[in-house]
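Peer 1: Just dropping this structure here.
Protein chains in written order, with my numbering: chain A, 5 to 254; chain B, 5 to 254.
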């Protein structure tokens, strides 16, 4: 029996955003590996072993998946959102590059999912409808000055932006600093979207101008979107629509 | 009967990447509107009218959808990829903002899809596994100097990049210029991925160093990904894996 690793994106929360190819991979898996809350989304069944692991042990989890595949298992590594966007796919390939040669000759397939940033954008309207950047605000794996540098360059280029991991208990001051930097570079009317628990029953979308944005509006379940200078708010009965026009005049 | 507009993403090509919520919206639609090749992906059925329209008439198509919704129809506007990424969602909201007040009080919902850039990344490995930018290289709706400015800032920030619409018959010289600019800012070994017809039977993924990238490697069905300076190639039996590590050392 030939083993394999599929790194599959479960989307931001609802099963209504899980693609058919991801469901099919789960149906033919012998083993599912992932962070506890993502593995708990998978229905148990005969012939399937679920392996839950803690947060921040991505490389161990990746190696475990690769070892099982070498021994003939059909392993699915589950990620929330898209596994290629600040999630498990890079961790698996890091393990592969540093691991034994039989790991790199395994069949390893990445199945994309709906990433939180784009689900958040859809829930708000179309704020990422023009050029945009995605930035992980966590400084666990990169120096903080690089985050600020990218933030300033993205703002200077008038990109819209999506921020992952805006705020954690371990570094509550980082996102406050991000808002300060944006305040130096962008006008106070710049539209900021706080999208919490997107696509789940607890979804909450809040739109504020930069001048009214405060650090406590984000937590670890929040994706933050920043409009470009051209992003517009359409007021209406009910929640407003936020969108970035497709065109920039000469 | 209350009408509505759903702007739905069909993903990059295969039905295996269409989300259940998009299929459900299509099942309850009375009218489907979109660019010809996308509408042709929808199976005809009793009670459903298919409205095909040509390329480059996005605003007309959006207004048509909104008019039908006001008259009580359940309209789905289909987009390839994700409607919020260089696709129909912004066009619909532009029409809404400039249109009669009854348009803005309609129920308008955006259902995200797998966008070509992320499907291409998954097919190659995980080249967008760290901070990245998405840039539309078409200068139909924005001045060319803005494209070059964003390109330089993104490269200066060492973002990975995804390019949409790299090359058209109408402006074949644009992408050649993009490669020149990258050559000024990035090292010749920088990894470039040309991903053509992603997720279709004609899918072709080609990975070359920047020094060997040529304009003819891209056409209108190609998404181009540019690694960061840290993006790695894993050689193996079969197609290589390309990934960007999660960490940047101090």
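Just so it is clear, CB atoms sit at the ideal spot from N, CA and C, and this is done for glycine as well.
These numbers were taken from a predicted model, which means no experiment stands behind them.
#1: Who are the Cβ neighbours of residue 75(A) in its own chain at under 7 Å, not counting the five residues just before and after it?
#2: For residue 180(B), does the count of other Cβ atoms within 10 angstroms reach 16, so buried, or fall short, so exposed?
#3: Excluding the five sequence neighbours on either side, which residues of its own chain have a C-beta within less than 8 Å of the C-beta of residue 42(A), listed in chain order?
#4: Which residues, in chain order, does the region 134 to 148 of chain B contribute to contact with chain A at a C-beta distance below 9 Å?
#5: Taking the runs of the beta strand (DSSP E) that are 3 residues or longer, which of them lie wholly in the region 17 to 92 of chain A?
#6: Counting only the same chain and skipping the five closest in sequence on each side, list residues whose C-beta sits under 6 Å from that of residue 11(B).
#7: DSSP on residue 208(A), reduced to helix/strand/coil?
#8: For residue 190(A) and residue 163(A), which I take to be in contact (beta-carbon distance under 8 Å), what is that distance rounded to the nearest angstrom?
#9: Do the CB positions of residue 141(A) and residue 116(B) come within less than 8 Å of each other?
#10: Can you list, in chain order, the residues of its chain whose CB lies under 7 Å from that of residue 161(A), leaving out five sequence neighbours each side?
#11: Here's the rule: buried if 16 or more other CB atoms are within 10 angstroms of the residue's CB, otherwise exposed. What is residue 40(B)?
#12: Would you tell me roughly how many angstroms separate the C-alpha atoms of residue 171(A) and residue 27(A), rounded to the nearest one?
#13: Quick one: using the 10 Å Cβ neighbour count with 16 as the cut-off for buried, is residue 200(B) buried or exposed?
#14: Tell me which same chain residues have a C-beta within less than 7 Å of the C-beta of residue 54(B), skipping the five on either side of it?
#15: Which same chain residues end up closer than 7 Å to residue 63(B) when comparing Cβ atoms and leaving out the 5 residues on each side of it in sequence?
#16: So which residues of chain A does residue 247(B) contact, with C-beta pairs closer than 9 Å?
#17: Would residue 222(B) and residue 198(B) qualify as a contact pair, given that the criterion is a beta-carbon distance under 8 Å?
#18: Report the neighbours of residue 179(A) on chain B: residues whose CB is nearer than 9 Å to its CB, in chain order.
#19: Check residue 180(B) in the structure and name its three-state DSSP category.
#20: Go through the region 105 to 135 of chain B residue by residue and report every complete run of the beta strand (DSSP E) that reaches 3 residues or more, in order.
#21: Any C-beta of chain B within less than 8 Å: which residues of the region 22 to 37 of chain A qualify?
#22: Count the other C-beta atoms from every protein chain shown that fall within 10 angstroms of the C-beta of residue 135(A), then say buried if there are 16 or more, exposed otherwise.
#23: Using alpha carbons as the reference points, say which of 226(B), 243(B) and 187(B) lies closest to residue 213(B).
#24: Quick one, which of 21(A), 52(A), 133(A) and 67(A) has its alpha-carbon nearest residue 32(A)'s?
#25: Closest Cβ-Cβ distance between residue 153(B) and chain A: below 8 Å?
#26: Assuming residue 235(B) contacts residue 226(B) (C-beta within less than 8 Å), just tell me the rounded distance between them.
#27: Is residue 77(B) closer than 8 Å to residue 23(B) when the C-beta atoms are compared?
#28: Could you name the residues of the same chain whose beta carbon sits closer than 8 Å to that of residue 238(B), not counting the 5 residues immediately before and after it, in chain order?
#29: Please classify residue 184(B) as buried or exposed, where buried requires at least 16 neighbouring CB atoms within 10 angstroms.
#30: To which residues of the same chain is residue 69(B) closer than 6 Å at the C-beta, ignoring the five residues directly before and after it?
#31: With C-beta atoms as the reference, is residue 240(A) less than 8 Å away from residue 108(B)?
#32: With 8 Å as the limit, tell me which residues of the region 44 to 62 of chain A have their beta carbon closer than that to any beta carbon of chain B; keep them in chain order.
#33: Just curious, the beta strand (DSSP E) that residue 236(B) is in, first and last residue?
#34: Going along the chain, which residues of the region 178 to 203 of chain B sit with their C-beta nearer than 8 Å to a C-beta in chain A?
#35: From residue 218(B) to residue 193(B), what distance separates their C-alpha atoms?
#36: For residue 166(B), collect the residues of the same chain with a Cβ closer than 6 Å to its Cβ; drop the 5 residues on either side in sequence, then sort them by chain order.
Peer 2: Taking the structure as given:
#1: Only 7 meet the Cβ criterion.
#2: Counting Cβ neighbours within 10 Å, residue 180(B) comes out exposed, since fewer than 16 surround it.
#3: Cβ neighbours of residue 42(A) beyond the five flanking positions: 14, 82, 83 and 84.
#4: Answer set for the region 134 to 148 of chain B: 134, 135, 136, 137, 138, 139, 140, 144, 145, 146 and 147.
#5: Entirely contained in the region 17 to 92 of chain A, the beta strand (DSSP E) runs reaching 3 residues are, in chain order, 35 to 39, 53 to 57 and 78 to 83.
#6: Once the five neighbours on either side are set aside, the close Cβ partners of residue 11(B) are 81, 87, 92, 93, 96 and 114.
#7: DSSP places residue 208(A) within a strand segment (E or B) once states are collapsed to three.
#8: Between residue 163(A) and residue 190(A) the Cβ distance is about 11 Å, and since that is not below 8 Å, they are no contact.
#9: No; because the gap between Cβ atoms is not below 8 Å, this pair is not in contact.
#10: Same-chain partners within the cutoff: there are none.
#11: Exposed.
#12: Taking the straight line from one Cα to the other gives about 31 Å.
#13: By the neighbour-count rule (16 or more Cβ atoms within 10 Å), residue 200(B) is buried.
#14: Answer for residue 54(B): 36, 43, 46 and 48, listed in chain order.
#15: Counting only residues of its own chain and dropping the five nearest sequence neighbours on each side, residue 63(B) has a CB closer than 7 Å to the CB of 95, 98 and 99.
#16: The answer, in chain order, is 88, 93, 94, 96, 97, 98, 100 and 101.
#17: Yes. Within cutoff.
#18: Simply none; closest approach about 16 Å.
#19: In the three-state scheme derived from DSSP, where H, G and I count as helix and E and B as strand, residue 180(B) is classed as helix.
#20: Here the runs fully enclosed are 111 to 115.
#21: Of all residues in the region 22 to 37 of chain A, 22, 23, 24, 25 and 28 have a Cβ within less than 8 Å of some Cβ in chain B.
#22: Its Cβ being crowded by 16 or more others within 10 Å, residue 135(A) is buried.
#23: For residue 213(B), the nearest C-alpha among the options comes from 187(B).
#24: Per the Cα distances, 52(A).
#25: Answer yes: the Cβ-Cβ gap between residue 153(B) and chain A drops below 8 Å somewhere.
#26: With a contact defined as Cβ atoms closer than 8 Å, residue 235(B) and residue 226(B) miss out at about 18 Å.
#27: No, the pair does not count as a contact, with Cβ atoms beyond the cut-off.
#28: These residues qualify, in order along the chain: 129, 244, 245, 246 and 247.
#29: By the Cβ neighbour-count rule, residue 184(B) is exposed, with fewer than 16 other Cβ atoms within 10 Å of its own.
#30: Correct list, in chain order: 9, 37, 79 and 81.
#31: The answer is yes: Cβ separation under 8 Å.
#32: Answer set for the region 44 to 62 of chain A: 62.
#33: Residues 236 to 238.
#34: Of all residues in the region 178 to 203 of chain B, none has a Cβ within less than 8 Å of some Cβ in chain A.
#35: Near 14 Å, if we compare the C-alpha coordinates of residue 193(B) and residue 218(B).
#36: Counting only Cβ-Cβ distances below 6 Å, and skipping sequence neighbours, we find 121, 138 and 229.
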